[in-house]
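Trainee: So in this note's numbering, the last one in the sequence shown is 94, and the numbering has no gaps at all. Just passing along the structure, written as structure tokens.
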Amino acid sequence: MSKRNPYDERREILRHLLIKYRKNADIKQTQLAQKLNKPQSFVSKYENGERMLDPIEVYEVCNALSISFLLVMKQFERAIAQSAD
């Protein structure tokens, strides 16, 4: 039985946070993509885990969703701590 990579788990946590915020804002992938000046496939791929976001892209997604990057990072950190327990 192989151990789960904690790095992958952190990616999943961030991915789920960004999806949650987009859905809570009642914004469709196409609308978010327009705000980011990206194709809809950009949003789809990072939400499906096919693509990783770098920190600048996470910041841009947060801006497009009108949420604080720092708030998201605090929640990300909290979720990582909880998953380690």
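Where a beta carbon is used, it is the ideal one built from N, C-alpha and C, also for glycine. Everything numeric in this text was worked out from a predicted model, so none of it was measured.
Given 8 Å as the limit, is there contact between the stretch 80-88 and the stretch 33-53, that is, 3 or more CB pairs closer than that?
Mentor: no
Trainee: Who are the near neighbours of residue 69 in its chain, counting only those whose CB is closer than 7 Å to its CB and skipping five residues on each side?
Mentor: 45
Trainee: For residue 71, which residues of its own chain have a beta-carbon under 6 Å away from its beta-carbon, when the five flanking residues on both sides are left out?
Mentor: 78, 81
Trainee: Suppose the cutoff is 7 Å on Cβ atoms and the five residues either side in sequence are ignored; what does the same chain contact list for residue 19 look like?
Mentor: 89
Trainee: Taking the C-alpha atoms as reference points, what is the distance between residue 36 and residue 23?
Mentor: 18 Å
Trainee: Using the Cβ count rule (16 or more neighbours within 10 Å means buried), how would you classify residue 73?
Mentor: buried
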